[in-house]
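Working notes, structure below.
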Amino acid sequence: MKKSMIEKSSIFLSLLLVFVLGTLFTVEHSGGMKKINAAVVRFCKECAGYTQRIHTVDTKEEDLQVLPLLGTGILEQTIFFGEEIQEQKQLMLGIKMATYARKNNGILYVELEQGEQRQCYQMGLEQVQDHEEMQLLFYTGQFQAGEVLVRIYAPESTGENCVAVYAVGNTKVYCPLVVNGEETSKNAVINSYIPSKYAHSDFVLRRKE
Amino acid sequence: MTSKTQLEARLSVYFIYTVLFTLFLFKMFFYANEIKDYPDQTAQLSYVVYMQEHPSKMVPEFEQIKMVAQKDKPDGADIEHTELKKETQTCYLGHPPLYYKLLQICNVINIEQGKIYAHISKIYDINICLTAFTMIMILNFGFQRLLKTQVHWSIHFMYATICTCLPLYGYVGSGINNDNLCNLGMAVFLVGISCYLEQGRCYKAYWLAGIGILLCFLSKLTSGLIVLVVCIVLGLLEFWKNKNLQIVCNKFFVSTLPLYLATGSYFIALYVRYGTVQPKYSRIASAEEFKNSSFYVEEALRTKLSFWEDSVHFFKGLINTWVSTYSEDYMVTRSGWLAVPFLLVLLLFFAQGVFGFYSIVKKQNLTITVMPFLFVVACSITIAVQFASHRSSYLASGYLGGYQARYYMPCLPAVAFGACSFVQRFYREQRKNWMIFFGLWMIYADFFYFVVSYYRLSV
């Protein structure tokens, strides 16, 4: 290709890129870039979120029922930890709950237990939303693959001030929901999530170097 | 090729460069608006504050540079007018002052009634402009050279992705860091050297190389060392080929002497004051301050590493930081398949360096094919010097840092050009899909992987 032609093309490209630079600076200073960035952040958070649903307990939308958490009453549901939970070292449990369309007060306890290992999550009953999934994040590094007991209770609850956990018909006889020490024919509606497969755990805190 | 297909090919090349440059700019704006947390940001700001307080000082008194702390985090409205508070701790940077002088001239720091204010968004804008112009120069450099050899557009695509998608280049480029001026200096130097190899001795080649050398030396010593080694190796090759000193004994070189004198006089003044051309923290801070810093580890707490273990630690760190985006607080690494394109680029660059050496041995004329060889030698020697410095710091104070790939980042255009020249040797039309896949994979592994991984923290 002729030298003069290359030089002309090169000047044209430079001008084009300078024009792009000017345009993006204009977009930045008019506030447009912030909106684009916000959309990118939303998208990334969506991708990076706990969006990968995994199977830890059998639930099917049949024989739907709500079981109230009253006083000393305890709900116990065994769930199954697979290797992917161990790998990720974190798990988000989504427990479907109801509030009887009112604001309740007191503390709700959700515990994970496996042998000696135990992790407890506390939250106010007022934070529970009616007919919604309550999402709780657990760091599960200390648990082994296998069965883990989820224990849910709210000791300050009364008949007029309590929340309830959704339960469905147990599709398998294996490990049903236990209410106050008695086995039922149901399973609690508990969904489990691990972080999106698009975001791997290469995120590490860096030493000061 | 018909003129219509030629035009189509040219348009597709313009399209590639424009799209990738737009993506590169977008990334920089994104980093500046959403991520921030740049490496050494506070120390860099401290240096600018010092330059603002002492505008007439050409050689800083490093022991007088005190760290500053940001009273308000540079978010939202504060980014326009962030108040800085001076601390007693001495700043650990011992870099030459040209970059900080430039920011001082741009008036990014205001001192009103004893209070110090930083215009953070203006600093980001200046750096984005600096990096964008560097990138325009880099893209143009490859565009011209590849257009001459009439390569397929997929090789242009590969070149543009390598230049725009190196993880740390855009990130550091949008923040406050003297590396940004090094990048510009190296790009100018590269164009000068290429001009010399293509057109021989001329004012353009000597002046561009001279300006590049000045910018590199007066911004950071590591890049100064790289350009110095390139010049020495090129000089030796010319001497070996022509058996004369015409490379320096000519009117073009003589006309650029003021540039070298300006560079040399700074380092002479520095040497007279500190007895070294790069003052270390142990020299500029008090003994107590140094012992309390992260650059010193108590003997009992030091990690015991043999020479071999330390070498492995150094080179692992070097490779790891080449494929990572990091700051003081976090590090997003790319492992497995995600790291492959970034490492492959290095491999291709080194392979092209070997070809360059082969063409010299065959006693061919010194052409642009020699350029990757010059940079391979320069980078290797600089890495060896850096390792020696790392080792001595480790033995003296237990400090295990000083291995970051960021120091060699200004060589990116030489790396990209070398890698593409190597691919061009073995290019067949059927292999274009590989080039496209390579480019797309690199785009994903750089920005999209980073942001998704970054936001895992805040989910």
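Sequences listed follow chains A and B, in order.
Mapping to this note's numbering: the first sequence position 35 is 36, numbers consecutive.
Mapping to this note's numbering: the second sequence position 205 is 211, numbers consecutive.
Note that beta-carbon positions come from the ideal geometry of N, C-alpha and C, so glycine has one too.
- The C-beta distance from A/I191 to A/I96 rounds to 5 Å, short enough to meet the 8 Å contact threshold.
- Contact between A/A155 and A/D131 is ruled out by a C-beta separation of about 15 Å, above the 8 Å threshold.
- The CB of A/L14 comes closer than 7 Å to the CB of Y20, Y23, N146, F149 in chain B, given here in chain order.
- Apart from sequence neighbours up to five positions away, the residues of its chain that approach B/N256 with a beta-carbon distance below 7 Å are R207, ordered along the chain.
- As summarised for the region 152–189 of chain B, the continuous alpha helix (DSSP H) elements at least 4 residues long and confined to that stretch are 159–170, 173–180, given in chain order.
- DSSP, reduced to helix, strand and coil, places B/I71 outside both helices and strands of the structure shown, so it counts as coil.
- Spatial neighbours of B/I182 in its own chain (CB-CB distance under 7 Å, excluding positions within 5 residues in sequence) are listed in chain order as Y44, Q47, Q50, L51, I129, N133.
- Using a C-beta cut-off of 8 Å, the region 51–64 of chain B makes no contact with the region 193–213 of chain B, since fewer than three inter-stretch Cβ pairs fall below that distance.
- Contacts with chain A (Cβ-Cβ distance below 8 Å) from the region 39–63 of chain B involve N39, E40, listed in chain order.
- Interface residue (Cβ-Cβ distance to chain A less than 8 Å): B/K438 is not classified as such.
- Distance from the CA of B/L203 to the CA of B/A211, rounded to the nearest whole angstrom, comes to 9 Å.
- In the DSSP assignment, A/G23 falls within the unbroken alpha helix (DSSP H) covering 4–30.
- Within the region 97–128 of chain B, the runs of beta strand (DSSP E) that reach at least 3 residues and sit entirely inside it are, in chain order, 115–118, 121–124.
- Residues A384, I387 of the same chain have their beta carbon placed closer than 6 Å to that of B/V235, with the five preceding and five following residues left out of the count.
- Counted as a single uninterrupted DSSP element, the beta strand (DSSP E) harbouring A/N192 occupies residues 191–195.
- B/Q284 sits in coil when the DSSP states are folded into three classes, being neither helix nor strand.
- By the CB criterion at 8 Å, B/H101 and B/V114 fall outside the cutoff.
- Within 8 Å of the CB of B/T28, the CB atoms of chain A belong to V21, L25, in sequence order along the chain.
- When the five nearest sequence neighbours on each side are left out, no beta carbon in the same chain lies closer than 8 Å to the beta carbon of A/E88.
- Put simply, the CB of A/M135 is far from chain B, with every gap to its CB atoms at 8 Å or more.
- Note that the region 333–349 of chain B touches the region 446–465 of chain B; at least 3 beta-carbon pairs, one per stretch, sit closer than 8 Å.
- As DSSP reads the structure, A/K187 sits in a beta bridge with A/G170.
- DSSP, read as helix, strand or coil, puts B/K63 in coil.
- Apart from sequence neighbours up to five positions away, the residues of its chain that approach B/R151 with a beta-carbon distance below 8 Å are S200, I374, F423, ordered along the chain.
- Residue range 330–332 is occupied by the beta strand (DSSP E) that includes B/S330.
- Rounded to whole angstroms, the separation of the alpha carbons of A/A165 and A/C48 is 31 Å.
- Nearest to A/S193 by C-alpha distance, out of A/S15, A/V41, A/I80, is A/I80.
- Annotation: B/I161 to B/G148 spans about 10 Å, alpha carbon to alpha carbon.
- For B/F320, not one C-beta of chain A is nearer than 8 Å to its own C-beta.
- By the Cβ test, the region 412–422 of chain B is in contact with the region 186–194 of chain B, since at least three Cβ pairs between them sit closer than 8 Å.
- Residue environment: B/H158 is assigned as buried (16 or more neighbouring CB atoms within 10 Å of its CB, all protein chains considered).
- Using a Cβ distance threshold of 8 Å, A/V151 and A/V111 count as a contacting pair.
- Classified as exposed, A/T73 has fewer than 16 neighbouring CB atoms from the shown chains inside 10 Å of its CB.
- Using beta-carbon distances, A/V180 does not count as an interface residue toward chain B, since no partner is under 8 Å.
- Secondary structure at B/F432: coil, using DSSP grouped into helix, strand and coil.
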